[in-house]
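Chains as they are written, first to last, in this note's numbering: chain A, 16 to 317; chain B, 16 to 317.
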């Protein structure tokens, strides 16, 4: 089995300058899994309430996603309501209702503990570690986080980071976590805490991957239509970890291509509300955009 | 003769989180010319007052810059005072004293009119056109502008743009000029007004070049020391136009390498106050950083 992903499965209500949608499928584990499903086998660990529409589960299963770890509990599904202005880089959270997510305590089954690739979506670092500690011997552990945990659970987050290989994080959070304004120095500080690689997501500006030996920068794909940035970071992570799991490698060459596949998946995701576009891709479309990325970024040698 | 550059030569007072300097050499034509001087012959058209230190003229001449078009006029030199916070992307202008620049009316000599490459630095678009109209048959015209002219002289700016080949502009100004929030669509609008190529400067995030056929994105060089961003855009322009003039080409391959050389020059410039570092480079250092840019951006094919 390929990747085990823990995170949220949610019902999102989103408003952007280009429209609004109520209670659509959302959540970090959702976007991640859909993106990763084009590359490898993927199992979701998450919880939903009794009100979670069966057709959403069916649409994940249709993509080959293993939803046997998607627990259904008495109560309501996690809900998020957010809004974007014309600067689509930052979401304004209007409301968060944890609901069944408040008591989420993932218990992995024997075969889930054996997964070789683990993605710890943006949830409480205590929960991330609870999953991590149940794993037998994962080959690669990638992790996401956000300002909320940096502010409210910094010590727990540091403990989680000590056990992960790759941290995916946005640039403002990188500075906040390291308490350092210079991004490169901030990255070096975080690398000293455990992760071997940092993938810094910069929204419409692209991504910067830094480890102790090298740096790799990729612009975001320039798009004429950006409708809803929700899930862009998780789609990126899904393409990134998905490619690494599919090739079972994590050397510099693989990591660079993984960043590009991450950017590809994020670029598709933002072109429609929710994960709609992401869920309707073909691998040929993904490969074509990967090649367009090469055209976008390469220049000849001297 | 290579490039003719018109713009400001100034005395800058700059404060950043890393220090402050009073009345140091500055101005768009200064940064541009110093950066371009590593690539080709460059002549400056600008005006200074009687108070302009002779050693600044000598330091430009030492780099091989032709200062015969640097007029000295009765009165004081143009002065700019600015400040940067920890977000080094945006300067806050505290004071601007036009002084002798207020009556600047450049008159080109016969040999200056014959220059093949023209750079119109960020000055009043009326003045930019006054220079442009005196040129005989320039091979390539590049132009910079800023929010002040977009707001105060939009019609004159549109007239100037109709006559230029390449517009270098930052991303907020691209959106402002086109009155369009989506950067790619904003670029297409501006391209329809005359320029064949737009080079969108994005500060620490890099640059995006767009024409009607292709796009090229380059990250900024990740730096552990950014001390003073003043002149980064003009240093970029100097490397960019300098490379094109040196190779006498402007096809897509040359334009892409020119963007990288622009990024290289900007990356050196920001590492010390004023144009100090920029003025003390060797071509070997420039080439070495160009190769580092390749390492920063390239990934293998599928």
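Glycine residues also receive a C-beta, built at the ideal position from the N, C-alpha and C atoms.
Residue interval of the alpha helix (DSSP H) (run including residue 272 of chain A): The continuous alpha helix (DSSP H) containing residue 272 of chain A extends over residues 267-284.
Here's a check: name, in chain order, each residue in its chain whose Cβ is nearer than 6 Å to the Cβ of residue 143 of chain B, leaving out the five neighbours to either side. 135 and 175
When you compare the stretch 182-191 of chain A with the stretch 61-71 of chain A, are there three or more beta-carbon pairs, one atom per stretch, that lie closer than 8 Å? The stretch 182-191 of chain A is not in contact with the stretch 61-71 of chain A.
Boundaries of the alpha helix (DSSP H) in which residue 249 of chain A is found, first to last residue: 247-262
Considering only residues of the same chain and omitting the five flanking positions on each side of residue 263 of chain A, which have a CB-CB separation below 8 Å? 131 and 154
Proximal residues to residue 333 of chain B (C-beta, below 8 Å), its chain only, five neighbours per side dropped: This structure leaves residue 333 of chain B out entirely; chain B is present only between 16 and 317.
Ignoring anything shorter than 4 residues, give me the alpha helix (DSSP H) runs that lie fully in the stretch 97-156 of chain A, in order along the chain. 125-128 and 140-147
Grouping DSSP H, G and I as helix and E and B as strand, with all else coil, what is residue 222 of chain B? strand
Against chain B, does residue 284 of chain A count as a neighbour if the rule is that its beta carbon must be under 8 Å from one of theirs? no
Can we say the stretch 296-316 of chain A touches the stretch 83-95 of chain B, given the rule of at least three CB pairs closer than 8 Å? no
Can you tell me which of the three DSSP states residue 29 of chain B falls into? strand
Measuring alpha carbon to alpha carbon, tell me which of A:208, A:151, A:147 and A:279 ends up nearest residue 173 of chain A. A:208
To the nearest whole angstrom, what separates the beta carbons of residue 253 of chain A and residue 280 of chain A, a pair I think is in contact under 8 Å? Contact holds; Cβ gap of about 6 Å.
Would you decide whether residue 272 of chain B is buried or exposed? Buried here means 16 or more other CB atoms lie within 10 Å of its CB. Buried, because 16 or more other Cβ atoms sit within 10 Å of the Cβ of residue 272 of chain B.
For a contact meaning CB atoms closer than 8 Å, what does residue 315 of chain A contact in chain B? 268, 271 and 272
Drop a sphere of 10 angstroms on the beta-carbon of residue 25 of chain B, count the other beta-carbons inside from all chains shown, and report buried for 16 or more, exposed for fewer. buried
Measuring alpha carbon to alpha carbon, tell me which residue in A:129, A:213 and A:120 is nearest residue 61 of chain A. A:120
Can you confirm whether the stretch 103-110 of chain B touches the stretch 34-49 of chain B when touching is taken to mean that 3 or more C-beta pairs between the two stretches lie within less than 8 Å? no
In whole angstroms, what separates the C-alpha of residue 205 of chain A from that of residue 224 of chain A? If I take the Cα positions, the gap works out to 13 Å.
Where does residue 174 of chain B sit, in a helix, a strand or coil, going by DSSP? Reduced to three states, the DSSP call for residue 174 of chain B is helix.
Does the beta carbon of residue 173 of chain B sit closer than 8 Å to a beta carbon anywhere in chain A? No, residue 173 of chain B lies away from the interface with chain A (no Cβ there is under 8 Å from its Cβ).
Can you tell me where the alpha helix (DSSP H) holding residue 306 of chain B begins and where it ends? Per DSSP, residue 306 of chain B belongs to the alpha helix (DSSP H) from 298-312.
Buried or exposed (CB count within 10 angstroms, at least 16 for buried), residue 219 of chain B: buried
Any idea if residue 244 of chain B is buried or exposed, counting beta-carbon neighbours within 10 angstroms, 16 or more meaning buried? buried
Beta-carbon proximity list for residue 101 of chain A, same chain, < 7 Å, skipping 5 on both sides: 32
Taking the alpha-carbon positions, what's the residue 191 of chain A to residue 278 of chain B distance? 27 Å
Can you find a C-beta in chain A that's less than 8 Å from the C-beta of residue 101 of chain B? With a threshold of 8 Å between beta carbons, residue 101 of chain B makes contact with chain A.
Find the nearest neighbour of residue 261 of chain A within the set A:21, A:23 and A:55, judged by alpha-carbon distance. Answer by Cα proximity: A:55.
Give the C-beta separation of residue 234 of chain A and residue 84 of chain B to the nearest angstrom, bearing in mind that I take them to be a contact with Cβ-Cβ under 8 Å. Actually they do not touch by this definition, with Cβ atoms about 37 Å apart.
Strictly below 8 Å CB to CB, what residues from chain A border residue 178 of chain B? Residues of chain A passing the Cβ test: none, with the nearest at roughly 26 Å.
So that I know if they touch, is there some Cβ in chain A lying closer than 8 Å to that of residue 232 of chain B? yes
Does the distance from the C-beta atom of residue 257 of chain B to that of residue 53 of chain B stay below 8 Å? yes
Name the one or two DSSP bridge partners that residue 185 of chain B has. B:216
Within chain B, partners of residue 92 of chain A - CB distance below 7 Å: Within 7 Å Cβ-Cβ: nothing; residue 92 of chain A doesn't reach chain B, min ~33 Å.
Here's a check: name, in chain order, each residue in its chain whose Cβ is nearer than 6 Å to the Cβ of residue 151 of chain B, leaving out the five neighbours to either side. 128 and 129
On the DSSP letters alone, give me the boundaries of the beta strand (DSSP E) that residue 87 of chain B sits inside. Per DSSP, the unbroken beta strand (DSSP E) holding residue 87 of chain B starts and ends at 85-88.
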